[in-house]
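Position 60 of the sequence shown, counted from 1, bears residue number 60 in the UniProt record's numbering, the numbering being contiguous throughout.
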Amino acid sequence: MGRSPYHTELSFTEGSEISIGLELAHAWKKEIQPQAARRNSRQVNPAEYQGSYTKPMRDKLATRVAPQDLWFPPDDLLASLVDLYFTRFNVILPLLHRPTFEAQVAQKLHWRDPSFAAVVLLVCANGSRFSDDTRVMPYYAEDIPPDMREFDAGILFYRE
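Encoded structure:
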């Protein structure tokens, strides 16, 4: 078995821990640090990535379905689900600003903006988990055991 290139003949006398520490620090500075710097300093060539990023991420993530083709709940149910989302879900995981969101829903932005339409449907789906309204259940709900129905609440909005 060979010796480490960083090993030197050191005597283990009192105070030798300091010499070993200094020797290791010197070896690190001389050998290991430059290798690590070379490994981490890879220059990025923009030509490598040409064409891989052509659209803003928002466009890539936006749904291809026009908001007019989506099914949104009636206004009374929508208001109820939005309220349930903000009072039961958003308080635990605050992702949305309620006044802004409700103002945009009131302006019917979800009928014009596919990205906002997706957010509204997710809010409805999450609010459905806390709703007693039968309109949040799928058509096959009567085939589901009663103790399992809560897991299908809002599935209509996820599938949109």
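Glycine included, each C-beta is placed from N, C-alpha and C at the ideal position. Nothing here was measured: the structure is a model prediction, and the numbers come from that model.
Could you give the distance in angstroms between the alpha-carbon of residue i and the alpha-carbon of residue j?
i	j	result
arginine 98	cysteine 124	14 Å
phenylalanine 89	lysine 30	55 Å
glutamine 107	glycine 127	20 Å
phenylalanine 86	proline 74	18 Å
alanine 103	leucine 93	20 Å
leucine 95	phenylalanine 101	11 Å
For residue i versus residue j, is the C-beta distance shorter than 8 Å?
i	j	result
residue 163	leucine 84	Outside the displayed range of the chain (1 to 160) lies residue 163, so it cannot be described from this structure.
valine 136	phenylalanine 72	no
leucine 77	aspartate 133	yes
Residues in its own chain within less than 7 Å of residue i by CB, not counting five upstream and five downstream?
i	result
glutamate 160	Residue confidence is low: glutamate 160 scores 49 on pLDDT, short of 50, so the model does not pin down where it sits. Its coordinate-derived value is still stated next. For glutamate 160, where only same-chain residues beyond five positions count, the Cβ hits under 7 Å are Leu70, Trp71, Leu121.
histidine 110	Pro67, Phe72, Phe116, Ala117, Val120
alanine 79	none
Buried or exposed: which applies to residue i, given that a residue is buried once 16 or more other Cβ atoms fall within 10 Å of its Cβ?
i	result
valine 105	buried
valine 91	exposed
leucine 81	buried
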